[in-house]
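Q: The structure that follows is given in the form of C-alpha cells.
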Amino acid sequence: MYQILTDSECDLPLATLQASDVKAISFHVKLGDKDLVNDFGESFDINEFYKQVQAGALPTTMQVNVGEYLEFFKTYVEKKIPIVYVGFSGGLSGSMSSANQAREILLETYPEADIRIVDTLAASGGEGEMVLAAIRLQKSGKTLDELVDWFDQNKLRLQSWFTVDDLNHLYHGGRISRTSAALGTLLKVKPILDVDANGKLEMVSKTRTRKKSLIELADKIVLAIEDDKTQPIIITTSGDYEAAEVVKAHIIAKVSVADVQIYPIGITISSHTGFGCVAAFAMGKEKRA
C-alpha cells in the first residue's frame, strides 16, 4: 500500500483527511508579529483571521522549504512506504519546486524509494478535489502507477472559478497590476478568475455587481458537471459564507442532485484573496486550456 500526502492548501476539513489517513504538510503565514501555521485551524481561529484581513491586515505568506519536505517525506521513505504527494499548484507557489528538490535529495540516499510528486495545477478546493480523487482511487484498489496515470490524464479536467470582493489583496499578492486594482475598485468591478493549464490565475471576465459574479460562478459549475451531475462539488470562501450559500443554492436549483460542500479557505490563499473570496470547483468533460 502507498501513503497519500498533501498540504494545507487543499482546504479540506482535517477530519476528512484523518478519516482516510492522508497526511498534510503545513504552509506558514506571518501576520504582524505572529507566525501562523496553516494547520486547518487547530492552532488559530480562521474567522478571526478573516476579520483582521478584512480590517486591512496584509499577511505575508511563506512557501514550504526543501528541509521541511525532506522531513515530511523521510518519515515514510525510511519505512520503505511508497508515497504520492498531491500538492499545491507550482504555478502559484515555489513549494512544488521544493518538494521535487526534496525528492531528488532523498533518492540520492534511498535510491529504491518510491516517491511520486503530483502537481495538481490547482489551489484550495481544486486541490481538495484532487486529494478526494486520490482517496477514491486508492480505496477502489488502484495501484500507485494507475493513480499517477489517472492524474496525468484527468487533472486538467478540473474546473476552478473564483471571484473576489477586494482587488487590493490580489495586487499586493502580485496577481494583478496596481492600475487594474485601482481602476477595478473605482468601477466596482467583480472579476471572475480561473486557473489555467499552467496552474496560474487568470482573469477571464468582469461583472459590475457581487451577485452577478456569484451567479456566474454557479452557472459555470452547472455547465461543467452536465455529464456527471452527482460528483462532489466544493465551494470555498474566505469568510463570506452567505455568498457561498448563494452559489450553492443556485447550483442546486438547477441540478437538484448536486452534492455541494462549503469549506473555509485557509490562511495562505486568503492572504492573497482578501476577505470575501468565493470559489467553486468541479470536474468537467473537457480539459482546461
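Count along the sequence shown from 1, then add 1424; that gives the number in our numbering. Beta carbons: idealized from backbone N, C-alpha and C, even for Gly. Every value quoted in this text rests on a predicted model; they were computed, and no experiment measured them.
1. For A1704, which three-state DSSP category applies?
2. Would the segment 1654 to 1671 and the segment 1695 to 1703 be scored as touching if the rule is three or more Cβ pairs under 8 Å?
3. With a threshold of 7 Å on Cβ separation, who are the neighbours of I1658 within its own chain once the five nearest residues in sequence on each side are excluded?
4. Please confirm whether I1675 and A1642 have their CB atoms less than 8 Å apart.
5. Which whole-angstrom value describes the C-beta separation of F1497 and L1530, a residue pair presumed to lie in contact below a C-beta threshold of 8 Å?
6. Does the count of Cβ pairs from the segment 1489 to 1507 and the segment 1467 to 1474 closer than 8 Å reach three?
7. Taking 8 Å as the cut-off, decide whether the C-beta atoms of V1453 and T1499 are in contact.
8. Using a Cβ-Cβ distance cut-off of 8 Å, determine whether L1638 contacts chain B.
9. Could you tell me which residues DSSP puts in a beta bridge with W1585?
10. Does the beta-carbon of A1558 have 16 or more other beta-carbons within 10 angstroms, so that it is buried, or is it exposed?
11. Suppose the cutoff is 7 Å on Cβ atoms and the five residues either side in sequence are ignored; what does the same chain contact list for Q1476 look like?
12. From the DSSP output, in three-state form, read off R1560 for me.
13. Would you check if the distance between the CB atom of D1538 and the CB atom of L1568 is smaller than 8 Å?
14. With DSSP collapsed to three states, give me the class of L1531.
15. Using a Cβ-Cβ cut-off of 8 Å (strictly less than) and excluding sequence neighbours within five positions of E1669, which residues of its own chain qualify?
16. Would Q1487 and S1522 qualify as a contact pair, given that the criterion is a beta-carbon distance under 8 Å?
17. Name the residue from G1465, V1501, A1448 and D1620 whose alpha carbon lies nearest to the alpha carbon of V1510.
18. Helix or strand or just coil, what does DSSP make of G1565?
19. Where do the ends of the alpha helix (DSSP H) carrying D1643 lie?
20. Count the other CB atoms within 10 Å of the CB of L1607; is the residue buried (16 or more) or exposed (fewer)?
21. Considering V1477, what are the terminal residues of the alpha helix (DSSP H) in which it resides?
22. Quick check: what's the CA-CA separation for E1714 versus V1619?
23. Using beta-carbon positions only, say whether L1545 and L1580 come within less than 8 Å of one another.
24. What does the alpha-carbon distance come out to for the pair D1683 and E1650?
25. Is it buried or exposed for L1647, if we count other Cβ within 10 angstroms and need 16 for buried?
26. Please work out which residues of its chain come closer than 7 Å, Cβ to Cβ, to A1526, disregarding the five sequence neighbours upstream and downstream, and give them in chain order.
27. How many Å lie between K1503 and S1564 at the Cα?
28. Please give me, in chain order, every unbroken run of the beta strand (DSSP E) with length at least 3 that falls completely inside the segment 1664 to 1697.
A: Put simply:
1. As a first step, residue 1704 is located in the sequence shown; it is residue number 280 there, counting from the start. Here DSSP, grouped into helix, strand and coil, assigns A1704 to strand.
2. Taking 8 Å as the limit for Cβ pairs, the verdict is that the segment 1695 to 1703 does touch the segment 1654 to 1671.
3. Here residue 1658 corresponds to residue number 234 of the sequence shown, with the count starting at 1. The answer, listed in chain order, is G1549, G1552, E1553, Q1685, Y1687 and F1705.
4. One-based indexing of the sequence shown puts residue 1675 at position 251. One-based indexing of the sequence shown puts residue 1642 at position 218. Taking 8 Å as the Cβ cut-off, I1675 and A1642 qualify as a contacting pair.
5. In the sequence shown, the residue the question calls residue 1497 occupies position 73. In the sequence shown, the residue the question calls residue 1530 occupies position 106. Rounded, the Cβ-Cβ distance is 6 Å, consistent with contact.
6. Not touching, per the Cβ criterion.
7. Position 29 of the sequence shown holds residue 1453. Position 75 of the sequence shown holds residue 1499. The Cβ atoms of V1453 and T1499 lie no closer than 8 Å to each other.
8. No chain B appears in the structure shown, which is made up of a single protein chain.
9. Residue numbering aside, residue 1585 sits at position 161 when the sequence shown is read from its first letter. Beta-bridge annotation (DSSP): W1585 is paired with D1618 and A1704.
10. Translated into the one-based positions of the sequence shown, residue 1558 becomes position 134. A1558 sits buried, since 16 or more C-beta atoms from the chains shown fall within 10 Å of its C-beta.
11. If you number the sequence shown from 1, residue 1476 lands on position 52. Sequence-distant Cβ neighbours of Q1476 in its own chain, meaning closer than 7 Å and more than five residues away, are L1455.
12. Position 136 of the sequence shown, counting from 1, holds the residue named residue 1560. Assignment of R1560 by DSSP, reduced to helix, strand and coil, places it in the helix class.
13. By one-based count along the sequence shown, residue 1538 stands at place 114. By one-based count along the sequence shown, residue 1568 stands at place 144. Yes, Cβ-Cβ distance for D1538 and L1568 is below 8 Å.
14. By one-based count along the sequence shown, residue 1531 stands at place 107. For L1531, the secondary structure class from DSSP, reduced to helix, strand or coil, is helix.
15. Working through the sequence shown from its first residue, we reach residue 1669 at position 245. So the qualifying residues of the chain are I1686.
16. Your numbering for residue 1487 matches position 63 in the sequence shown. Your numbering for residue 1522 matches position 98 in the sequence shown. A contact, by the Cβ cut-off of 8 Å.
17. Within the sequence shown, the letter at position 86 stands for residue 1510. The candidate whose alpha carbon is nearest that of V1510 is A1448.
18. In the sequence shown, the residue the question calls residue 1565 occupies position 141. Residue state, collapsed to three classes: coil.
19. Indexing the sequence shown from 1 puts residue 1643 at position 219. Taken as a continuous stretch (DSSP letters only), the alpha helix (DSSP H) holding D1643 covers R1634 to A1648.
20. By 1-based counting over the sequence shown, the position of residue 1607 is 183. Note on L1607: pLDDT 46, under 50, position unreliable in the model; the coordinate value appears next. L1607 comes out exposed.
21. Here residue 1477 refers to the residue found at position 53 of the sequence shown. Run containing V1477: I1470 to Q1478, per the alpha helix (DSSP H) assignment.
22. In this structure the chain extends from 1425 to 1713, so residue 1714 is not present and cannot be described.
23. On the sequence shown, position 121 is the one that residue 1545 refers to. On the sequence shown, position 156 is the one that residue 1580 refers to. Taking 8 Å as the cut-off, the beta carbon of L1545 is found closer than this to the beta carbon of L1580.
24. Against the sequence shown, residue 1683 aligns to sequence position 259. Against the sequence shown, residue 1650 aligns to sequence position 226. One C-alpha to the other measures close to 13 Å.
25. As a working mapping, residue 1647 is identified with position 223 in the sequence shown. Under a 10 Å Cβ-count criterion, L1647 is classified as exposed, with fewer than 16 other Cβ atoms of the shown protein chains found around its own Cβ.
26. One-based indexing of the sequence shown puts residue 1526 at position 102. Leaving aside the five residues that flank A1526 on each side, the residues in its chain whose CB is nearer than 7 Å to its CB run, in chain order, V1490, Y1493, L1494 and F1497.
27. Counting from 1 along the sequence shown, the entry for residue 1503 is found at position 79. Counting from 1 along the sequence shown, the entry for residue 1564 is found at position 140. Between the alpha carbons of K1503 and S1564 lies a gap of roughly 24 Å.
28. Listed in chain order, they are 1683 to 1688.
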